[in-house]
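With mature numbering (1 follows the signal peptide of the UniProt record, and there is no 0) as the guide, the letters of the sequence shown map in order to residues -19 to -1, 1 to 181.
Every residue gets a Cβ at the ideal spot worked out from N, C-alpha and C, and that includes glycine.
Right, one structure below, let's go through it.
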Amino acid sequence: MRNFAFIPLMCLAASSSLAQEFPGRVESLITPDVIEEIKGWSSQPIVKLAVEAQNQRHGVLTQDEIDELDKTWREEAQADDKPLISATIASPLSNYLLKRQAASVGLYKEIFIMDVNGLNVGQSSITTDYWQGDEAKFQKTFAIGPTEIFIDKPEFDDGLKIWTSQVSMTLADKDSGDAFGAITVEINLTELSRRRTPAF
């Protein structure tokens, strides 16, 4: 695997055959400034207020209770009536995340925020499941500590012909340092590379 600083858009998304191996190092694109930008807008009061409200409402749930909520979410995804999905996607936090995604102009493919149980609190689009607690995005961030950041392996979106990678981090109170949730942002690596490729 060769190293690189910037890879032109055509190299990152030329064909689905690239899906087997990302042509470079993700860290060359998802640099500290990208992380700091996410930290900046995810530290706004609306995020902490929404997550802490759900933490208080749910408390610490048993695995059976979590599984039941996740099952409800999956069933609603196939049904006409979607009370849980509708309440989540229409929340002020979801609206905020949708605006952040839109403001990124193609850089953020998806954003969602989780509570202490790993359940969705807000999201920019409807996720396939409600519980993220069994996945690396939660287990390698919130489950470890308040300062954790996890960058997942790149994946190729064959439909959109782009490379993406999920950046996840623990959400913590700025004053106390206590963790209260986690966030995942799916980055469009192809778009990020394009923005960093000098124009001639």
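Residue environment: D96 is assigned as buried (16 or more neighbouring CB atoms within 10 Å of its CB, all protein chains considered). When secondary structure is reduced to three states using DSSP, E136 falls in the strand class.
Contact check for T109 and S149: beta-carbon distance about 16 Å, past the 8 Å limit, so the pair fails to qualify. Nearest to E18 by C-alpha distance, out of S146, Y89, A117, is Y89. Between the alpha carbons of I70 and L100 lies a gap of roughly 13 Å. One thing to note: P127 has its Cβ no nearer than 7 Å to the Cβ of A163. When beta bridges are read from the DSSP output, E91 appears opposite E167.
Using a Cβ distance threshold of 7 Å, V7 and I132 count as a contacting pair. Taking L141 as reference, the option from F119, N169, A68, D154 with the minimal CA-CA separation is N169.
Taking a contact as a CB-CB distance under 8 Å, the pair V41 and L74 does not count as one, their CB atoms being some 21 Å apart. If you look at Q37, you'll find it in the alpha helix (DSSP H) that goes 26 to 39. Using a 10 angstroms sphere on the CB of A68, the tally of other CB atoms stays under 16, which defines it as exposed.
In the three-state reduction of the DSSP assignment, I11 falls in the coil class. The beta carbon of Q25 sits closer than 8 Å to those of Y77, all from its chain and outside the five residues before and after it, given in chain order.
When C-alpha distances from T165 are compared across T171, I130, Q44, the shortest belongs to I130. Residue state for S23 is assigned as helix, using DSSP reduced to three classes.
Taking 4 residues as the minimum length, the alpha helix (DSSP H) runs contained wholly in the stretch 69 to 124 are 73 to 84, 117 to 120, in order along the chain.
Within the same chain, Cβ atoms closer than 6 Å to the Cβ of T53 are found at L65, the five residues on either side in sequence being excluded.
Spatial neighbours of S157 in its own chain (CB-CB distance under 6 Å, excluding positions within 5 residues in sequence) are not present. Following the DSSP letters along the chain, one finds L50 in no beta strand (DSSP E) but inside the alpha helix (DSSP H) bounded by residues 44 to 58. With a beta-carbon spacing of about 4 Å, Q82 and S105 fall inside the 8 Å limit used to define contacts.
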